[in-house]
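Colleague: Numbering (the numbering used here), first residue to last: 9 to 453. Cβ coordinates follow ideal geometry from the N, Cα and C atoms, glycine included.
In structure tokens form, the structure reads like this:
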């Protein structure tokens, strides 16, 4: 009995076992009295496990069938944790900003949003109906939450024009209303043949950012640029910048679209596209930042990588008809990840892709063909891995722990995460034994 206790100690909620550099936290359904039915990755703001009394419970069950949700919040470094419960009766989702958690309970166009702080205290709640201002749920492209508690709906009309609707959730007299966007009158893209529509890029430094793309032609342009506009909290235009042509002489962009992403940690803009140069298929990644003395953004770094064994993986079909999709950019704090997917239909699916990663200084820290990405893992594929498609795990501390689950049935990796300091997080759900185990490995010095 003593030996068994030394090997494995059950940890529920706040109890911790530290073994070498590993912290292991187990949430046992038998002890908690509920089943883990949902998981929300809040990126740098942590993660949430949602438990309910019934296994495999469905969301959106109607007004006459309330569902009790037990919320278990953890920060990514496992230093903070809270637990509380809420009742929902519709489609239930959780979002986060650096200051708050937002619990969204939706039935059709009826929204009930609760706002919590990171101590588990409810600080506000709001009920509203999108149809009251003429919106349907199908018109919502994306939902955003700002650091100061505003909920924002991103909508594109039949002409693909951007409309934004917002409700200040922390205000006692908040109402949902449309934002009157004063679009910039300047047009630095006027010399370009193709001009895109305005889209919402994100929020950083207390400013909302929209952008539009210009290109020499719709397909295969040899010049492409972005007009970027910054707005304050009241959506008053604050500043305009031009991200000028990032294609070098002799480079031809493949396809119609490039990818543009805001890295709020670095306060920079990452652009990426596939290009053809000297008959070679190449992934281009560049990072731009603001220059106080100029309205043209300053290039921090520009990198190019040949596609690895494109003849085998066929990231790009050179058949004269196929149009390659743009790369996918994901930001994990100051780390930048750019992936080229093969036959990508859903960015959340684990698929063959070439991924390149950069640190805050723009140094390349990873470049390989793999399955999935650094935030996801198919345990079945990892356990077999005949073609070495999970090479990114070989140097990680979690590798041995993940391998130990290859002999178990009904296990899945809910999430994996490697932060910029090298700390590792792996969350495994054992469906057979109804356990969720959270592993945290401190970075090696």
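#1: Is residue 139 helix, strand or coil when you go by DSSP?
#2: Would you decide whether residue 395 is buried or exposed? Buried here means 16 or more other CB atoms lie within 10 Å of its CB.
#3: Which of the three DSSP states, helix, strand or coil, is assigned to residue 61?
#4: In whole angstroms, what separates the C-alpha of residue 21 from that of residue 37?
#5: Between residue 101 and residue 151, what straight-line distance do the alpha-carbon atoms span, to the nearest angstrom?
#6: Can you say whether residue 11 is buried or exposed, counting buried as having 16 or more other CB atoms within 10 angstroms of its CB?
#7: Between 141, 136, 108, which lies nearest to residue 130 when the distance is taken from Cα to Cα?
#8: As a quick exercise: from 143, 164, 137, 158, pick the residue whose alpha carbon is nearest that of residue 123.
#9: Using only the heavy atoms of the ligand NAD, determine whether one of them is closer than 6 Å to the beta carbon of residue 442.
#10: Can you check which of these residues, 111, 104, 86, is closest to residue 96 by C-alpha distance?
#11: Using the Cα positions of residue 219 and residue 182, report the straight-line distance between them to the nearest angstrom.
#12: Where in the stretch 374-400 do unbroken runs of the alpha helix (DSSP H), each at least 4 residues long, occur, reported from the N-terminal end onward?
#13: Could you give the DSSP three-state label for residue 413: helix, strand or coil?
#14: Would DSSP call residue 38 helix, strand or coil?
#15: Report all residues from its chain with a CB closer than 6 Å to the CB of residue 367; omit the five preceding and five following residues, and keep chain order.
#16: Return the bridge partner residues of residue 309 from the DSSP annotation.
#17: Just tell me which of 56, 239, 53, 74 has its CA closest to the CA of residue 62.
#18: What three-state label does DSSP hand residue 30 in the structure shown?
#19: Can you tell me where the alpha helix (DSSP H) holding residue 164 begins and where it ends?
#20: Can you check whether the CB of residue 376 is closer than 7 Å to the CB of residue 399?
#21: Please give me, in chain order, every unbroken run of the beta strand (DSSP E) with length at least 3 that falls completely inside the stretch 219-275.
#22: Output yes or no for whether 7 Å exceeds the beta carbon distance between residue 98 and residue 113.
#23: Select from 135, 94, 125 the residue whose C-alpha is nearest the C-alpha of residue 116.
#24: Measuring alpha carbon to alpha carbon, tell me which residue in 429, 289, 443 is nearest residue 452.
#25: Determine the closest residue to residue 329 out of 337, 163, 263, 321, with distance taken between C-alpha atoms.
#26: Residues bridged to residue 133 by DSSP?
#27: What does a CB cutoff of less than 6 Å around residue 442 pick up in its chain, not counting 5 residues either side in sequence?
#28: So, helix, strand or coil for residue 343, using DSSP?
#29: In angstroms with no decimal places, state the Cα-to-Cα distance between residue 265 and residue 222.
#30: Can you check which of these residues, 289, 268, 236, 34, is closest to residue 260 by C-alpha distance?
#31: Using only CA atoms, which one of 420, 359, 440 lies nearest to residue 350?
Modeller: On the basis of the data shown:
#1: Within the chain shown, numbered from 1, the residue matching residue 139 stands at position 131. In this structure, residue 139 counts as helix in the three-state DSSP scheme.
#2: In the chain shown, residue 395 corresponds to position 387, counting from 1. Classification of residue 395: exposed, given that the 10 Å Cβ count is below 16.
#3: One-based indexing of the chain shown puts residue 61 at position 53. In the structure shown, residue 61 adopts coil according to DSSP, grouped into three states.
#4: What you label residue 21 is simply residue 13 of the chain shown in a count that begins at 1. What you label residue 37 is simply residue 29 of the chain shown in a count that begins at 1. At residue 21, the pLDDT of 36 sits below 50, so the modelled position is not reliable; the number obtained from the coordinates is stated separately. Answer to the nearest angstrom: the Cα atoms are 12 Å apart.
#5: Here residue 101 is taken as the residue at index 93 of the chain shown, counted from 1. Here residue 151 is taken as the residue at index 143 of the chain shown, counted from 1. In this model, residue 101 and residue 151 are separated by some 11 Å (Cα to Cα).
#6: Residue mapping note: residue 11 aligns to position 3 of the chain shown, counting from 1. Legend: pLDDT at residue 11 = 36, less than 50; position of this residue unreliable, no value from coordinates given.
#7: To locate residue 130, count along the chain shown from 1; it is residue 122. The residue with the shortest Cα to Cα distance from residue 130 is 108.
#8: Walking along the chain shown from the start, residue 123 turns up at place 115. Of 143, 164, 137, 158, the residue nearest in Cα terms is 158.
#9: Only the bare structure without any ligand can be found here, which leaves the ligand NAD out of the picture.
#10: If you number the chain shown from 1, residue 96 lands on position 88. Considering only alpha carbons, the answer is 111.
#11: Working through the chain shown from its first residue, we reach residue 219 at position 211. Working through the chain shown from its first residue, we reach residue 182 at position 174. One C-alpha to the other measures close to 28 Å.
#12: 387-392
#13: The residue you call residue 413 lines up with position 405 of the chain shown. Of the three classes helix, strand and coil, the one that applies to residue 413 here is helix, per DSSP.
#14: For this step, residue 38 is matched to residue 30 along the chain shown. In the structure shown, residue 38 sits in a helix (DSSP, three-state: H, G or I).
#15: By 1-based counting over the chain shown, the position of residue 367 is 359. Here the set comprises 373.
#16: Here residue 309 corresponds to residue number 301 of the chain shown, with the count starting at 1. Answer is 295.
#17: The count along the chain shown starts at 1 and reaches residue 62 at position 54. Selected option, being the one with the closest Cα: 74.
#18: Position 22 of the chain shown, counted from the start, is the residue given in the question as residue 30. Residue 30 falls in the strand class under three-state DSSP.
#19: In the chain shown, counting from the first residue as 1, residue 164 sits at position 156. First-last for residue 164: 158-164, but that is the beta strand (DSSP E), not the alpha helix (DSSP H).
#20: Working through the chain shown from its first residue, we reach residue 399 at position 391. Working through the chain shown from its first residue, we reach residue 376 at position 368. For residue 399 and residue 376, yes; Cβs fall inside 7 Å.
#21: 232-239, 245-251, 267-271
#22: One-based indexing of the chain shown puts residue 98 at position 90. One-based indexing of the chain shown puts residue 113 at position 105. Cβ distance < 7 Å, so residue 98 and residue 113 count as in contact.
#23: Residue numbering aside, residue 116 sits at position 108 when the chain shown is read from its first letter. For residue 116, the nearest C-alpha among the options comes from 135.
#24: Taking the chain shown and counting its residues from 1, the one referred to as residue 452 is at position 444. The option with the nearest alpha carbon to residue 452 is 429.
#25: Taking the chain shown and counting its residues from 1, one reaches residue 329 at position 321. Of 337, 163, 263, 321, the residue nearest in Cα terms is 263.
#26: The count along the chain shown starts at 1 and reaches residue 133 at position 125. For residue 133, which the question treats as bridged, DSSP gives the partners 122.
#27: Taking the first residue of the chain shown as position 1, residue 442 is located at position 434. Excluding positions up to five away in sequence, the list reads 37.
#28: Translated into positions along the chain shown, residue 343 becomes position 335. Of the three classes helix, strand and coil, the one that applies to residue 343 here is strand, per DSSP.
#29: Your numbering for residue 265 matches position 257 in the chain shown. Your numbering for residue 222 matches position 214 in the chain shown. Their backbone Cα atoms lie some 10 Å apart in a straight line.
#30: Position 252 of the chain shown, counted from the start, is the residue given in the question as residue 260. Per the Cα distances, 289.
#31: To locate residue 350, count along the chain shown from 1; it is residue 342. Closest by alpha carbon: 359.
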